[in-house]
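Numbering follows full-length UniProt numbering, in which position 88 of the sequence shown is assigned residue number 88; successive positions increment by one, without gaps.
Beta carbons are placed, not taken as given, at the ideal position from N, Cα and C, and that holds for glycine.
Working notes for the structure below.
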Amino acid sequence: MELLKPDRVTESVLSYFQNRGYLHENSNYTHPLTVTQEESSRYDDALRACSKKNSISYTTTVRDIAQAEYQFSLLKSWVRSLREHQVRVELTQLIMPILCHLYLDSLALHSKASCAKFLKKMLPPMNNDWLPLVEQLLTVHNSEDLASHPQVWYFRHCKCDLKLSPCSISALRTFLTKNSLHILIPPLHSYFDVTILTEDVLNNETDTDEETSKSTVETIYGDGFYVPYKDKTMEELLREINNKRMQSTPPPPLLVYRGHKAEGIVCGRVSSEGRLAATGDHKSQVRVWGLGETKLMPKLHPSYFSSVQLAVDTKLIDESLAQIEKQNWFLRGHSDTVYDLSFISDTEFLVSVSFDTTMRLWSLNDFSCTAVYRGHSSPIWGVAISPISNYVATASQDKTARVWSLEMTYPLRIMAGHLNDVTCVKFHPNGSYIATGSVDKTVRLWSVTDGNMVRVMGGLQNQGAVYSLAFSPNGQYLASGGDDKSVWIWDIATGSVLFQLAGQEKRVVSVDWSHDGSTVAAACYDGVVLLWSLDNEQACTGDITSKTYHTKCSTLLSLQYSQKNTLVAVGVQK
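Shown next as structure tokens:
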């Protein structure tokens, strides 16, 4: 026999082993290798836990979703076509667990969108026991994200106990071997603990089944949930119920307050409790409106009494005009156009900003100007109130945003860094950060504590000037809208964009999140309101469609969710 010389790879491996002390040329391994009884017992226990006799181990990674879809469909069709009632009932219990494990296995190599599409397409009719797990599966972003989803983690790490008859085992083995279903074998081997039923147990179960139900042919969906297999109407009903469950809820009602464009209204807001509304106009006036049954009965400030009617004056007072005056009041003090305003929650105050570079604080008790705040060198475009109403932030044409305390008439922090006008500003839900949007097409995040910039988002090629911002209720995401006719959803932790929600025909003037964070709403300049639902399966695949409201407004000024999670818009009509 010819002896072959070792190649370079073999020589390199042997040299490495020798340098590491694994090979000893001058010594023989004459030491006896002994294993204690305790070590042998532990080894046997570990072997039984991780493997089974006469089985082959495969990787649990699904490399081809199309092949997984084909093999799973083959299994599902085969199980439903089985003629023996007991075998069909027993093997139907495999369907949902295998599908869920295939979905989790596919996340290791494939995108979330393709995996979610596979799960949605393959879902059989299921009962309420499986619905929470399926909904939580759709929120898992990758195979390493199981720790944050307790129900999925428990399902993944605990084997499913199955009791199968010898006929079921034989039929399943024959089916897998005949069709070479190599993708289905790993989850069956790794995540199922199968117990083979003896003849005595089978006879007892058969007697019990005959006593309870003799005429109904049944199939099982999930654990312990039976429906008649031949009842096609019931199957169709269950399928329709599952489809409805996976659909998003219908859009909420939209409340719109409209003014006339001839009045020169530029901005408008509604208080969070929905009792008052305020508008600013080109005439440098702020106007407060009572909504619904709310009537304004202020304790008038002395400045309102420029003239007093004497008893000898016989001019009759028009009571209808007096009634109108109780429904809305003018607040005068600015010297130029009022561009934004905001109610301070849990207080009787209103803040307004103007082209005259000042911010004013108004008391809604007597409709007087309580304070004037100066510091900006150019017109102020936007204003925002902190969550606990201790700070106010402003956005200005002077390329800065400033943070104020209502107790002081000068700014506490100056956020400088934008290359153009700062058009909008918003406080983070924790009150420690503010976000600013600018004509320079960027969104920046600032620390209120020291005024430093901590994030820069945007500047993308297809992104336009930013005119509106809104934080999600949990503070993890930020929505922005502007000239590019899109709403952008940003991940604050990474500073990257998650979604671009398009579909608008005009620029976005206002965005807001629902209180549960499931919906993003946007108001467009042409009077259209769009809603995107982010808590359904479409959001997982990235294919998010919007719901549209066509208001009778020629222009929308603001959009917000009230305390009762009602969508409220303010606009003007011609």
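Straight-line Cα distance separating residue j from residue i
i: Leu197; j: Thr92; result: 17 angstroms
i: Cys115; j: Leu107; result: 7 angstroms
i: Arg20; j: Leu137; result: 46 angstroms
i: Ser562; j: Ser345; result: 12 angstroms
i: Leu162; j: Phe192; result: 7 angstroms
i: Ala393; j: Phe330; result: 24 angstroms
i: Phe343; j: Ser368; result: 15 angstroms
i: Arg507; j: Ala522; result: 10 angstroms
i: Leu276; j: Lys112; result: 45 angstroms
i: Ser389; j: Trp404; result: 11 angstroms
i: Gln573; j: Leu131; result: 46 angstroms
i: Gln327; j: Val509; result: 28 angstroms
i: Leu75; j: Gln151; result: 26 angstroms
i: Ser386; j: Asn430; result: 9 angstroms
i: Ser468; j: Gly482; result: 6 angstroms
i: Thr545; j: Trp532; result: 6 angstroms
i: Val286; j: Asn142; result: 52 angstroms
i: Gln476; j: Ser378; result: 32 angstroms
i: Ser168; j: Val87; result: 5 angstroms
i: Trp289; j: Val568; result: 15 angstroms
i: Asn452; j: Ile414; result: 9 angstroms
i: His189; j: Ile65; result: 19 angstroms
i: Ser518; j: Lys178; result: 47 angstroms
i: Leu102; j: Gln67; result: 11 angstroms
i: Leu237; j: Pro125; result: 9 angstroms
i: Thr139; j: Leu291; result: 41 angstroms
i: Thr436; j: Asp535; result: 27 angstroms
i: Lys117; j: Val497; result: 22 angstroms
i: Ser170; j: Leu123; result: 26 angstroms
i: Gln397; j: Val425; result: 12 angstroms
i: Ala110; j: Lys261; result: Inspection of the sequence shows that residue 110 is occupied by His rather than by Ala. Spanning the two alpha carbons is a distance of roughly 53 angstroms.
i: Tyr549; j: Thr566; result: 14 angstroms
i: Arg173; j: Glu135; result: 32 angstroms
i: Gln463; j: Ala502; result: 12 angstroms
i: Thr186; j: Ala416; result: Before going on, a small fix: residue 186 reads as Pro here, not Thr. One C-alpha to the other measures close to 58 angstroms.
i: Ser472; j: Lys564; result: 16 angstroms
Close beta carbons around residue i, own chain, < 6 angstroms, minus the five adjacent residues each side
i: Met457; result: Val443, Trp490 and Gly495
i: His418; result: Lys399, Ser438 and Asp440
i: Gln504; result: Lys485 and Cys524
i: Pro97; result: Cys160
i: Gly333; result: Arg360 and Cys369
i: Thr10; result: none
i: Arg374; result: Thr358
i: Ala470; result: Ala479, Val511, Asp512 and Trp513
Whether residue i touches residue j by CB criterion (8 angstroms)
i: Gln500; j: Trp488; result: yes
i: Leu559; j: Val520; result: no
i: Trp381; j: Ala395; result: yes
i: Leu82; j: Leu99; result: no
i: residue 636; j: Thr358; result: In the structure displayed, the chain extends from 1 to 574; residue 636 sits before or after that span and is not available.
i: Ser165; j: Glu90; result: yes
i: Val511; j: Ala465; result: no
i: Val383; j: Leu412; result: no
i: Thr409; j: Val372; result: yes
Cβ-based neighbour list, residue i, same chain, cut-off 8 angstroms, excluding 5 preceding and 5 following
i: Tyr433; result: Phe427, Leu445, Trp446, Ser447, Val448 and Val454
i: His282; result: Gly264, Val266 and Thr337
i: Ser354; result: Gly280, Ser284, His334, Ser335, Asp336, Thr337, Val338, Tyr339, Arg360, Pro379 and Ile380
i: Trp153; result: Leu146 and Ala147
Own chain residues within Cβ distance below 7 angstroms of residue i, not counting five before or after
i: Gly571; result: Val256, Arg258, Gly527, Thr551, Cys553, Thr555, Leu556 and Leu557
i: Gln71; result: Leu181, Ile183 and Leu184
i: Phe175; result: Trp78
i: Lys159; result: Tyr191, Phe192 and Asp193
i: Arg156; result: Leu104 and Leu146
i: Ser335; result: Ser284 and Asp356
i: Gly459; result: Lys441 and Thr442
Short CB-CB distance (under 8 angstroms) between residue i and chain D
i: Gly503; result: Structure shown: chain D not included; a single protein chain is present.
Q: Mind listing, in chain order, the continuous alpha helix (DSSP H) runs of no fewer than 4 residues lying wholly within the segment 59-111?
A: Secondary structure in the segment 59-111: the alpha helix (DSSP H) runs of 4 residues or longer, each lying completely within the stretch, are 65-81, 85-92 and 95-106 in chain order.
Q: Give a yes or no on contact between the segment 334-351 and the segment 269-276, applying the rule of three or more CB pairs nearer than 8 angstroms.
A: Yes: the two stretches touch, three or more of their Cβ pairs being nearer than 8 angstroms.
**Q.** Completely contained beta strand (DSSP E) runs for the UniProt repeat "WD" (415-456), where each covers 3 or more residues
**A.** Runs found: 422-427, 433-438 and 442-447.
Q.
Give the list of continuous alpha helix (DSSP H) stretches no shorter than 4 residues that lie fully inside the segment 251-294.
A. Correct list: empty.
Q: Note down, one range per segment and in chain order, each alpha helix (DSSP H) of at least 4 residues found wholly within the UniProt repeat "WD" (501-542).
A: Listed in chain order, the alpha helix (DSSP H) runs fully inside the UniProt repeat "WD" (501-542) are 537-541, counting runs of at least 4 residues.
Q.
Quick check for students: name the residue ranges of the beta strand (DSSP E) that lie wholly in the segment 332-394, counting only runs of 3 or more.
A. Counting only unbroken stretches of 3 or more residues, the beta strand (DSSP E) elements lying wholly within the segment 332-394 are 338-344, 349-354, 358-363, 368-374 and 380-385, in sequence order.
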